[in-house]
Amino acid sequence: MQILNGKATAQAIIDLLKIEVAQLMSRGAPVPHLAAILVGTNGASETYVASKVKACNEVGFKSTLIRMEEDISELKLLELVRELNNDPDVDGILVQLPLPAHISSEEIINTIDAGKDVDGFHPVNVGRMVQGQPTFVPATPYGIMLMLEHYKIDTASKHAVVIGRSNIVGRPMSILLSAATNPGNCTVTICHSGTKNLKEICQTADIIVAALGRPGFIKEDMVKEGAVVIDVGITRVTDATKKSGYRISGDVDYASVAHKTSYITPVPGGVGPMTIAALMKNTFKACAMKHYD
Ligand code: GUN
1 MQILNGKATA QAIIDLLKIE VAQLMSRGAP VPHLAAILVG TNGASETYVA SKVKACNEVG
61 FKSTLIRMEE DISELKLLEL VRELNNDPDV DGILVQLPLP AHISSEEIIN TIDAGKDVDG
121 FHPVNVGRMV QGQPTFVPAT PYGIMLMLEH YKIDTASKHA VVIGRSNIVG RPMSILLSAA
181 TNPGNCTVTI CHSGTKNLKE ICQTADIIVA ALGRPGFIKE DMVKEGAVVI DVGITRVTDA
241 TKKSGYRISG DVDYASVAHK TSYITPVPGG VGPMTIAALM KNTFKACAMK HYD
């Protein structure tokens, strides 16, 4: 069993980007600029956005965090997105999800300029990804693909079971793993809350991507000997022994599952840092597309 070290792999990507940014600066070229919008005060979203801004600082990107009150109207938020679309100094725009219930995420995402959509959520970018065209690939599945590539994990013709069908992780993950690429070329089964015989399906998986948001859901008896297990779960679970009052729990019962796997991602330190690194790569690409195409 080998632990897939997301922290170290992400750091290697960040270090490469640092060099590329230094090269841009030495030529007097503008450095990538990410604008992040955070609506309300959701604790988890605050943490994720803070990590994204921190990574921008580390790589040498410019970043702007725009905080909006929970009760901002959809119209006002759309106006802000349009302003950022039209701002020549901004390369990448991300609106942290989830948004409050009175705002349509779909409307907001559809309004982001597809060329600045570093989350890869805009329908144009999703369509391009499905067709295998160059695009912004959503950061979490992109980070997982980068990790599989980094560890040279053989995925060709393997049975990948993706649990979760969200637009952020499960759906794009299933598309990327089934694409005629390396990594990729998998036979993919996408499962969700309505799937029957989930345990039996998982038992046939060479690769499991767990992205359902249920702490410890994947148990030892669901995993085949030698499987690759990728844990996307990052649920806050109450824990009185922690100063914060909670700990982060993955979707995989790591203690019982790890010994059966060939590779497994830990939580924390697995997929999370890779997601941030992938977002940084997308932001660099957004800038490069704008200035050098
Ligand atoms: N919420 C959870 N994951 C993501 C992500 O990758 N991007 C955005 N914008 N919001 C999220």
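Heads up, the sequence shown is in this note's numbering, so the first residue is 1 and it goes up one at a time.
Think of the CB as a built atom: it goes at the ideal place given N, C-alpha and C, for glycine as much as any other residue.
CB-CB under 7 Å to residue i, same chain, minus the five flanking residues each way: which ones, in chain order?
{"i": "Ile-72", "result": "Val-39"}
{"i": "Asp-293", "result": "With a pLDDT of only 43 at Asp-293, under the threshold of 50, the placement of this residue in the model should not be trusted; the figure read from the coordinates follows. Answer for Asp-293: no residue qualifies."}
{"i": "Thr-283", "result": "Pro-32, Leu-34, Phe-61, Asp-91, Gly-92, Val-118"}
{"i": "Val-130", "result": "Ile-175"}
{"i": "Leu-24", "result": "Val-31"}
{"i": "Ala-271", "result": "Position check: residue 271 holds Val in this sequence, whereas Ala was assumed. Gly-6, Thr-140, Gly-143, Ile-144, Ile-230, Asp-231, Val-232, Thr-265, listed in sequence order."}
Please determine, among the options, the residue with the shortest C-alpha to C-alpha distance to residue i.
{"i": "Ala-179", "options": "Lys-158, Asp-119, Leu-78, Ile-163", "result": "Lys-158"}
{"i": "Ile-144", "options": "Leu-17, Leu-77, Gly-184, Glu-20", "result": "Gly-184"}
{"i": "Leu-279", "options": "Ile-168, Gly-213, Val-267, Cys-191", "result": "Ile-168"}
{"i": "Thr-140", "options": "Lys-281, Ser-249, Lys-285", "result": "Lys-281"}
{"i": "Ser-26", "options": "Thr-9, Glu-46, Thr-41, Gly-60", "result": "Gly-60"}
{"i": "Gly-115", "options": "Thr-189, Ile-103, Val-90, Glu-107", "result": "Val-90"}
{"i": "Phe-217", "options": "Lys-243, Ile-230, Phe-284", "result": "Ile-230"}
{"i": "Thr-295", "options": "Thr-195, Ser-193, Ile-201", "result": "Absent from the model: residue 295. The displayed extent of the chain is 1 to 293, so no value can be given."}
{"i": "Asp-253", "options": "Leu-4, Ile-14, Glu-220", "result": "Glu-220"}
{"i": "Ile-175", "options": "Gln-133, Met-147, Leu-212", "result": "Gln-133"}
{"i": "Ala-44", "options": "Met-147, Leu-78, Leu-148, Arg-236", "result": "Arg-236"}
{"i": "Ser-249", "options": "Gly-28, Leu-212, Thr-283", "result": "Leu-212"}
{"i": "Ile-264", "options": "Gly-233, His-122, Gly-194, Arg-214", "result": "Gly-233"}
{"i": "Val-81", "options": "Arg-165, Ile-37, Asn-42", "result": "Ile-37"}
{"i": "Leu-146", "options": "Gln-131, Leu-177, Asn-110", "result": "Leu-177"}
{"i": "Asp-87", "options": "Lys-243, Ile-112, Ile-108, Gln-96", "result": "Ile-112"}
{"i": "Pro-215", "options": "Lys-285, Ala-255, Ile-19", "result": "Ala-255"}
{"i": "Ile-3", "options": "Lys-285, Ala-288, Ala-258", "result": "Ala-258"}
{"i": "Phe-121", "options": "His-102, Gln-96, Leu-78", "result": "Gln-96"}
{"i": "Asn-42", "options": "Ala-29, Arg-67, Ala-22, His-192", "result": "Arg-67"}
{"i": "Glu-79", "options": "His-102, Ile-108, Leu-65", "result": "Ile-108"}
{"i": "Cys-191", "options": "Ala-22, Ala-205, Thr-181", "result": "Ala-205"}
{"i": "Glu-149", "options": "Thr-135, Asn-182, Arg-128", "result": "Asn-182"}
{"i": "Lys-290", "options": "Asn-110, Ala-29, Gly-6, Thr-241", "result": "Ala-29"}
{"i": "Thr-275", "options": "Arg-128, Ala-22, Phe-136", "result": "Phe-136"}
Could you pull the DSSP bridge partners for residue i from this structure?
{"i": "Leu-34", "result": "Ser-63, Gly-92"}
{"i": "Met-68", "result": "Val-39"}
{"i": "Ile-163", "result": "Cys-191, Ala-210"}
{"i": "Pro-112", "result": "Strictly speaking, residue 112 in this sequence is Ile, with Pro absent from that position. In the DSSP output, where bridge partners are listed per residue, Ile-112 has none listed."}
{"i": "Asp-117", "result": "Ile-93"}
{"i": "Ile-3", "result": "Ile-264"}
Excluding the five sequence neighbours on either side, which residues of its own chain have a C-beta within less than 6 Å of the C-beta of residue i, listed in chain order?
{"i": "Cys-56", "result": "Leu-34, Ser-63"}
{"i": "Leu-99", "result": "Val-39, Ser-105"}
{"i": "Lys-224", "result": "Gln-203"}
{"i": "Leu-84", "result": "Ala-35, Val-90, Ile-93"}
{"i": "Glu-70", "result": "Gly-40, Pro-100"}
{"i": "Val-209", "result": "Val-162, Met-173, Ile-230"}
{"i": "Thr-261", "result": "Met-1, Ala-227, Val-229"}
{"i": "Asp-171", "result": "Looking at the sequence itself, residue 171 is Arg, so the reference to Asp does not match. Excluding positions up to five away in sequence, the list reads Arg-165."}
{"i": "Val-124", "result": "Ala-114"}
Can you find the residues in the same chain that come closer than 8 Å, C-beta to C-beta, to residue i, ignoring five residues on each side of it along the sequence?
{"i": "Gly-245", "result": "Thr-238, Asp-239"}
{"i": "Ile-14", "result": "Ala-55, Glu-58, Val-59, Ala-277, Met-280"}
{"i": "Gly-269", "result": "Asn-5, Gly-6, Lys-7"}
Does the CB of residue i have a neighbour CB from chain C at under 7 Å?
{"i": "Ile-201", "result": "Absence of chain C from the displayed structure is noted, only one protein chain being present."}
Is any heavy atom in the ligand SAM found nearer than 6 Å to the beta carbon of residue i?
{"i": "Leu-97", "result": "The ligand content of the structure shown is limited to the ligand GUN, which means the ligand SAM is not among them."}
To test your reading of the DSSP string, which unbroken beta strand (DSSP E) runs of 3 or more residues are found completely within the stretch 206–276? 207–210, 228–231, 235–238, 246–249
For the 8 Å Cβ check, are there 3 or more pairs between the stretch 189–201 and the stretch 147–154? no
Cβ contact check for the stretch 41–50 and the stretch 9–28: 3 or more pairs under 8 Å: no
Just to confirm the assignment: which complete alpha helix (DSSP H) runs, minimum length 4, are found wholly within the stretch 119–168? 123–130, 139–150
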